[in-house]
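Visitor:
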Ligand SMILES: Nc1nc2c(ncn2[C@@H]2O[C@H](COP(=O)(O)OP(=O)(O)O)[C@@H](O)[C@H]2O)c(=O)[nH]1
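Chains as they are written, first to last, in this note's numbering: chain A, 4 to 296; chain B, -16 to 623.
(1) If we ignore side chains and look at the alpha-carbon of each, how far apart do residue 64 of chain A and residue 317 of chain B end up?
(2) Give the single residue among B:49, B:253, B:367 and B:402 whose Cα lies nearest to the Cα of residue 425 of chain B.
(3) Check the Cβ of residue 432 of chain B against every Cβ in chain A and list those closer than 7 Å, keeping chain order.
(4) Could you tell me the distance, in whole angstroms, from the CA atom of residue 150 of chain A to the CA atom of residue 32 of chain A?
(5) According to DSSP, residue 193 of chain B sits in a beta bridge with which residue or residues?
(6) If we ignore side chains and look at the alpha-carbon of each, how far apart do residue 581 of chain B and residue 503 of chain B end up?
(7) Give a yes or no on whether 8 Å exceeds the smallest Cβ distance from residue 35 of chain B to chain A.
(8) Quick one: does residue 20 of chain A have its CB under 8 Å from some CB of chain B?
(9) Quick check on residue 455 of chain B: buried or exposed, where buried means 16 or more other Cβ atoms within 10 Å of its Cβ?
(10) Closer than 7 Å to a non-hydrogen atom of ligand 1 - does that hold for the CB of residue 84 of chain B?
(11) Would you mind sorting residue 365 of chain B into buried or exposed? The rule is 16 or more other CB atoms within 10 Å of its CB.
(12) Residue 378 of chain B touches chain A at which residues, Cβ-Cβ below 9 Å?
(13) Secondary structure at residue 170 of chain A, three-state DSSP: helix, strand or coil?
(14) Tell me the DSSP secondary structure of residue 462 of chain B in three-state form.
(15) So, residue 57 of chain A versus residue 85 of chain A, is the Cβ gap smaller than 8 Å?
(16) Do you know whose CA, among B:351, B:142, B:385 and B:169, lies nearest residue 45 of chain B's CA?
(17) Give the single residue among A:128, A:119, A:206 and A:218 whose Cα lies nearest to the Cα of residue 198 of chain A.
(18) Taking just the CA atoms, how far does residue 159 of chain B sit from residue 458 of chain B?
(19) Relative to the C-alpha of residue 501 of chain B, which candidate in B:202, B:491, B:43 and B:516 has its C-alpha closest?
(20) Rounded to whole angstroms, what is the Cα-Cα separation between residue 114 of chain B and residue 236 of chain B?
(21) Among B:572, B:487, B:492 and B:556, whose alpha-carbon lies nearest the alpha-carbon of residue 621 of chain B?
(22) What are the residues in the segment 201 to 222 of chain A lying within 7 Å of chain B by C-beta distance?
(23) Counting only C-beta atoms, is residue 260 of chain B closer than 8 Å to chain A at any point?
(24) If you measure between the beta carbons of residue 211 of chain A and residue 254 of chain A, is that distance less than 8 Å?
(25) Determine the contact status of residue 446 of chain B and residue 19 of chain A, defining contact as a CB-CB distance below 8 Å.
(26) Among residues of its own chain, excluding the 5 on either side of residue 524 of chain B, which ones have a beta-carbon nearer than 7 Å to its beta-carbon?
(27) Could you spell out the range, first to last residue, of the beta strand (DSSP E) harbouring residue 59 of chain B?
(28) If distances are taken between C-alpha atoms only, which option among B:401, B:403 and B:409 comes closest to residue 378 of chain B?
(29) Can you give me the Cβ contacts of residue 430 of chain B inside the same chain, cut-off strictly under 7 Å, excluding the 5 residues immediately before and after it?
(30) Beta strand (DSSP E) containing residue 344 of chain B: first to last residue?
(31) Per DSSP, what kind of secondary structure is residue 612 of chain B in: helix, strand or coil?
(32) Cα-Cα, which of B:419, B:522, B:165 and B:147 is closest to residue 177 of chain B?
(33) On the premise that residue 211 of chain B lies in contact with residue 231 of chain B, defined as a C-beta separation below 8 Å, what is that separation, rounded to the nearest angstrom?
(34) Can you check which of these residues, B:289, B:374 and B:299, is closest to residue 340 of chain B by C-alpha distance?
(35) In whole angstroms, what separates the C-alpha of residue 42 of chain A from that of residue 543 of chain B?
(36) Could you tell me which residues DSSP puts in a beta bridge with residue 207 of chain B?
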């Protein structure tokens, strides 16, 4: 069994544990490579099916190609696709691109608040109707109690001490100092009313593992990750006003793997192309406690 | 594998060392291969040979014995620190006129990692020529035992640090004990701060002797003892000239002799059933039994048996998505199977091979456990026990002894406090399948959930008889020998438009059980359901004739209930809604019934004002006189 097999088996096991233990669960799908690998692993775990909804938080500032790709795969793979948004902030234009909010405020509104209220069912959820091929307001407004998320421990510091099953309280808060013990493949699957669990099947994966797996499994990815001839590509995807490309001539998965291995990016954090990480000291940690990813 | 080496493009700056390292790695891999130690799936494609093996190791020890200093040294001596970090930390020390400590390196890294937020297990990375190591720094403080366990359970090997000057301390022993409970077999003991004892061999040997004796008592065979000075760098990456009397390996060399965990394919086959899937979308009609194989190996065609139910079938196929069909599969794989004969099994059972060692199935067990909960583990409270994928209610029946992990002295106590280790008897609400620690460690380990939190963990050392052991043996044999038919439960349910259910109506002596049973039967019958009512009186003179003749019935209530259960089991197998009535059924009776019939098919209805026995019920109808109303209530409750 090689490294990728080991990682795959562990993730599949965790996905099945989640499915067996949670009634109302979902998987967050940011359209990025990590959560797409996660989606693929779900198809592995459930033999080609994905027996729970995929939730996407649409900031409406995503690069259009991402949304096209989302809906194409949703139809092709017969996914139970749901999205949520912060309609109020968008209507009132309280966003960074509109010049009415800082990066962090904008993230808090369009991502953190939208996520919290989509997960707890307080704001409308839009669900794909596969026959009509349109999104309709979802009648299920029950809070999701098990939320599968594609974070990796190697992404940055605050994620390196997550658990596979990590509790969040009523306000989505994460008590970093007092986390449940996790051993012998037994996870925290019991939770008090009003709380929920984040499940992290990709915790042990690295960026390189993700790309090697994409290659091995031939998983479709958005072309934004590849250089289209301008010597630039995205290493991590987000909203277009706040995500910057990196200099790279990696044109395909093989090129990216080579680039990661030879060390061009070995010492540069993956998310360094994202503005919100820099703005204040513990940016991501803050957003994270608030429930962003 | 050579392809990986020759094809890969190395940067121009490749050094001689790097090439030598590469070769050493290749030689080690070849050695593994030649000596047959590598498992069969070890693949030699470009990816693998480009990447070294990984190994998680945990470092434990009493506070201040020098863990952080050892880690700092390991990072520095293997050149695994970020560029300029060493100089930067030294410079900070100089500016604050503090003496430089290797432990500061770790603090600096941790701060970076955690942005100063929390105390938890931290991970550091360093490389040797053979491997990439992830070193998990488990907090030494007793309050963080929970985190130490989380960290250590992810490790394949451990370094345990003891201060040469202070000698073996409470936590040195406690941590040793925890490592053995967690099943970490590769343990190297570092006797640190040898510089403080003038590198004296006698003090090293004394600690070695003393600690070895302790480890022996808990069945741990340490890989080795190394005298080191983390501060001075003795025997970490070099062979110290200051201790010529020590002829063993240094720390880095010992790490490289540790073996990556082998997948236990040579043990009997065990797969806890995670779920049974039937996703019908897109016309998929596979019924797949899914789980992760803990031990052993299995092939298409093999005869398998599920415990605790004892049901038997054969493997028809090994299912997978986007990968080639496999004929056989082994430990470590998260997989799924279709079966030749359809049988009813659920999450929590363990799939085994009929030709191999059977697991134990009972509801009482003798265990060793450690307790992490904020509240003590007490009697007369129901917790949940999770073992494999089974989850059942559990009570503490007896504390045989609470062990002071630091001196192995046992004390008789009534409860188990936080961070204590104890030998106990546990009593489960329902029997489950498991193995003994001595047979198969993986399926002998369990955790205990208090409220919503995992609050303890343990291993089963012995199975014990419970109240229903005698019935269970018979039920196992019945299932083992059961002659299946072409028509399975799902097909029957589809045909009759309902699943099989046992509805047991019970109550005090003059409660209208029979009337209600008959009324329910009649209504369901008129709607075309497959239903049958049986009163207990109809059984005793036929099925129980032998007991009646010998006037044994009163004394053999259990046997009588067992027979009822067998009758009910046949009716349920036929797909029936089976209604029975009996006077004052109690919890013991229900235990017997549950041994023979899956819980989810049983519905107990108590009728009458007072519930006169301890039986747990599905519903209690206090005023059953309005038959029509009662029938309606029952149907609503059960969903028929
Ligand atoms: N003399 C001497 N002191 C040491 C050695 N290793 C660690 N120390 C000191 O022991 C103290 C505790 O070490 P530290 O690594 O922080 O211990 P930890 O609590 O186990 O992580 C520090 O003051 C270290 O400088 C050693 O080999 N020799």
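Think of the CB as a built atom: it goes at the ideal place given N, C-alpha and C, for glycine as much as any other residue. All figures in this text were calculated on a predicted structure; none of them were measured in a lab.
Guide: The structure says:
(1) 38 Å
(2) B:253
(3) 193
(4) 11 Å
(5) Paired residues: none, contrary to the question.
(6) 22 Å
(7) no
(8) yes
(9) buried
(10) yes
(11) exposed
(12) Result: empty, since nearest Cβ-Cβ is about 17 Å, beyond 9 Å.
(13) strand
(14) helix
(15) yes
(16) B:142
(17) A:119
(18) 43 Å
(19) B:516
(20) 11 Å
(21) B:487
(22) 215 and 220
(23) yes
(24) no
(25) no
(26) 531
(27) It is not in any beta strand (DSSP E) - residue 59 of chain B instead sits in the alpha helix (DSSP H) that spans 50 to 60.
(28) B:409
(29) 369, 437, 439 and 440
(30) 343 to 354
(31) helix
(32) B:147
(33) That pair is no contact at about 11 Å.
(34) B:289
(35) 53 Å
(36) B:171
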